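First comes the structure, then the notes that go with it.
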Amino acid sequence: MVIVYKGRRVMLDVSKVVLPNGREMNLEKIVFPHAVAALPIYEGNKVVLLRQFRPVVNDYVIEIPAGVIEEGENPEEALTRELSEEIGAEIDYFGKLFEGFTTPGYSTEYMVIYYVSIRRLGEPRPEPHEVIDRIVIDLRDAVNMVINGSIRDAKSALAITLYMLKKGAKA
659 MVIVYKGRRV MLDVSKVVLP NGREMNLEKI VFPHAVAALP IYEGNKVVLL
709 RQFRPVVNDY VIEIPAGVIE EGENPEEALT RELSEEIGAE IDYFGKLFEG
759 FTTPGYSTEY MVIYYVSIRR LGEPRPEPHE VIDRIVIDLR DAVNMVINGS
809 IRDAKSALAI TLYMLKKGAK A
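So that you can map any letter, position 158 of the sequence shown is 816 in my numbering, and since no number is skipped, the others follow by simple counting.
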């Protein structure tokens, strides 16, 4: 293993690996912390989304709140913290929608995605480097945004779709 780069949260590791078929390959792997994300449900039929500027793609992206699980946190603690910071939310209850790898072709990132019932929306407290607008829309509108491509973030499209399937809701 050769660590090519080590940043605040991300590490690039290059190593030679032997595959199950016996062949060798040079593996370029991004080591990333585990993360959580949530589809916040508000007033029964509304969702709280973020319109966030993402410098990597140099554009605004509509997405669900998400963030890394900090050292010493469990996923539920990270979920509560992220929702408080990003959308100013207090949670009534939550349930798991999905748990798995985000991009196993090159990253170790593992994400747990929840749906949460929001009791109250207060003031968001974004980090200084975050450019975020909170958007509250009807769940049906969010589904249509997935269908028409307005939501281009995979975790968000997955969360909205799985929530609809899980609840048997109709768009």
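Heads up, the beta-carbon is just placed ideally off N, CA and C, and yes, glycines get one too. Note that the coordinates shown come from a computational prediction; the quantities given were computed from them, not determined experimentally.
Applying the 10 Å Cβ sphere with the 16-neighbour rule, what's the burial state of P782?
buried
Pick helix, strand or coil for S808, following the three-state DSSP scheme.
coil
Under the three-state DSSP convention, the category R667 falls into
R667 falls in the coil class under three-state DSSP.
DSSP beta-bridge partners for N679?
None; N679 has no bridge partner.
Given a cut-off of 8 Å on the beta-carbon distance, is the pair L704 and M769 in contact?
With the sequence shown as reference, residue 704 is identified as Lys, and Leu is not the correct amino acid for it. Result no, Cβ atoms of K704 and M769 do not sit closer than 8 Å.
Spatial neighbours of L820 within its chain, please: C-beta separation below 7 Å, excluding the five flanking residues on both sides.
L755, F756
Host beta strand (DSSP E) of I749 (start-end)
747-759
CB of P698 within 8 Å of CB of P733, strictly
no
Between T766 and K687, which are expected to be in contact by the criterion C-beta below 8 Å, what is the C-beta distance as a whole number of angstroms?
7 Å
Taking the C-alpha atoms as reference points, what is the distance between I771 and V694?
6 Å
Nearest neighbour of V804, chosen from V662, D750, A817 [CA to CA]:
Comparing Cα positions, the closest option is A817.
Let me check understanding here. Comparing Cα to Cα, which of G826, E748, G665 lies closest to R777?
E748
Is there a C-beta anywhere in chain D that falls below 8 Å from the one on T766?
Protein chain content of the structure displayed is limited to a single chain, and chain D is not contained in it.
Sub-8 Å separation of S775 and D796 beta-carbons:
no
From F759, R709, H692, D791, pick the residue whose C-alpha is nearest to that of I809; which is it?
R709
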